[in-house]
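> Take this structure, written in structure tokens, and hold onto it; I'll ask about it next.
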Amino acid sequence: MCGTCGCDHAVKDIAHERMHALGIAHEHEDHHLESGREHLVEQDILAENNLVAARNRGYFEAKSMFVLNLVSSPGSGKTTLLERSLSELRQRLPVAVIEGDQQTDNDADRIRALAIPCRQINTQSGCHLDALMIHRAIKEMNLSDNTLLFIENVGNLVCPALFDLGENLRVILISVTEGDDKPLKYPYMFASADVCVINKIDLLPYVDSHVEYIRNNALKINPDLRFFELSATVGTGVDLWCNYLCDQVKKITR
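The sequence shown begins at 1331 in our numbering and counts up one residue at a time.
In structure tokens:
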């Protein structure tokens, strides 16, 4: 799938530049003429997406909306975290969701059951949401000013790292069941994120995982990450997460 749009190489290019800026040790690849020709195609893809993302950002700013791009591996608990968060936040501010999946409306149906405005985007064979998909969705939703908009991206820790959607905040969700070395295996996504939510901490007594190892490995990739440790199922730590989001919304509310 990545080879279809060329985003596999472009993700590496962006992460490579960030690693240089942060002084992170890494390997280099020898690029020849053919890969250089591919790079031009990738730049065209990024330029178009970034233009639409800028338009999205302008629209969000004009309406004083705060937009969160939630990314993770499949099964990390994104939709469960959304359900728990929305149940607490809906009494405090307008909320809405854009759901991204290759197929089905299953997750969108779970959000709509809470009477929350939700738009499903099915990417078919696509491995990520892009700015144009978001642009079309928000025009159809006609959301009110001061809305907190959650975008649940396709379950994938590679391709979504590249595509700016116009969001204010990129949040990577990792569960303790995925292993302490997940940030090291998927450095490009962690390098592009602003916040890391460590989920399913209620399972720590039953798995061979350590939150401090996850944090330390993530900080090796991105020293600026902010962390939240919680259990979306039990509810532990969700209040701190929701308070943080409300504070972010207040900063941009007219």
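Ideal Cβ positions, reconstructed from N, Cα and C, are used throughout, including at glycine.
To which residues of the same chain is asparagine 1483 closer than 7 Å at the C-beta, ignoring the five residues directly before and after it?
Locating residue 1483 in the sequence shown gives position 153, counting from the first residue. Excluding sequence neighbours, asparagine 1483 sits near Asn1399, Leu1400, Val1401, Gly1430, His1458, Leu1459 and Pro1490.
> Hey, would you say serine 1539 sits closer than 7 Å to valine 1506, going by beta carbons?
Position 209 of the sequence shown holds residue 1539. Position 176 of the sequence shown holds residue 1506. Yes. Within cutoff.
> Give me the DSSP bridge partner(s) of glutamate 1429.
In the sequence shown, residue 1429 corresponds to position 99, counting from 1. Looking at the DSSP assignment, glutamate 1429 forms a beta bridge with Gln1450 and Glu1482.
> To test your reading of the DSSP string, which unbroken beta strand (DSSP E) runs of 3 or more residues are found completely within the stretch 1374-1423?
DSSP runs (the beta strand (DSSP E)) wholly in the stretch 1374-1423: 1396-1402.
> Going along the chain, which residues of its own chain have a beta-carbon closer than 6 Å to the beta-carbon of aspartate 1532, five neighbours each way excluded?
Walking along the sequence shown from the start, residue 1532 turns up at place 202. The answer, listed in chain order, is Ser1561 and Val1564.
> Check whether the stretch 1541-1551 and the stretch 1519-1530 are in contact - that is, three or more C-beta pairs closer than 8 Å.
Touching, per the Cβ criterion.
> Within 10 Å of its beta-carbon, does valine 1341 have 16 or more other beta-carbons around it, so buried, or fewer, so exposed?
Taking the sequence shown and counting its residues from 1, one reaches residue 1341 at position 11. Only weak support exists for where valine 1341 lies, its pLDDT of 48 falling under 50; the coordinates are left without a value.
> Are the Cβ atoms of alanine 1325 and asparagine 1386 separated by less than 7 Å?
Since the first and last residues shown for the chain are 1331 and 1584, residue 1325 lies out of range.
> Assign asparagine 1486 to buried or exposed, taking buried as 16 or more other Cβ atoms, counted over all protein chains shown, within 10 Å of its Cβ.
Translated into the one-based positions of the sequence shown, residue 1486 becomes position 156. Asparagine 1486 is buried by the Cβ-count criterion.
> I need the straight-line Cα distance from leucine 1503 to asparagine 1476, nearest angstrom please.
In the sequence shown, the residue the question calls residue 1503 occupies position 173. In the sequence shown, the residue the question calls residue 1476 occupies position 146. Rounded to whole angstroms, leucine 1503 to asparagine 1476 spans 24 Å at the Cα level.
> Thinking serine 1403 and isoleucine 1582 are a contact (beta carbons under 8 Å), I'd like their distance in whole angstroms, please.
In the sequence shown, residue 1403 corresponds to position 73, counting from 1. In the sequence shown, residue 1582 corresponds to position 252, counting from 1. Rounded, the Cβ-Cβ distance is 30 Å, inconsistent with contact.
> Look at the Cβ atom of arginine 1442, then the Cβ atom of isoleucine 1428, and state whether they are nearer than 7 Å.
Mapped onto the sequence shown, residue 1442 falls at position 112. Mapped onto the sequence shown, residue 1428 falls at position 98. No, these two residues do not count as a Cβ contact at 7 Å.
> Tell me, which residues are paired with valine 1501 by DSSP?
The residue labelled residue 1501 in the question sits at position 171 within the sequence shown. Leu1400 and Val1525.
> Would you tell me roughly how many angstroms separate the C-alpha atoms of asparagine 1529 and glutamate 1391, rounded to the nearest one?
Counted from its first residue, the sequence shown places residue 1529 at position 199. Counted from its first residue, the sequence shown places residue 1391 at position 61. If I take the Cα positions, the gap works out to 30 Å.
> Looking at the unbroken beta strand (DSSP E) that takes in glutamate 1508, where does it start and where does it end?
As a working note, residue 1508 is residue 178 in the sequence shown. Here glutamate 1508 belongs to no beta strand (DSSP E), and DSSP marks it neither H nor E.
> In the DSSP assignment, what are the bridge partners of glutamate 1559?
Here residue 1559 is taken as the residue at index 229 of the sequence shown, counted from 1. Answer is Ile1528.
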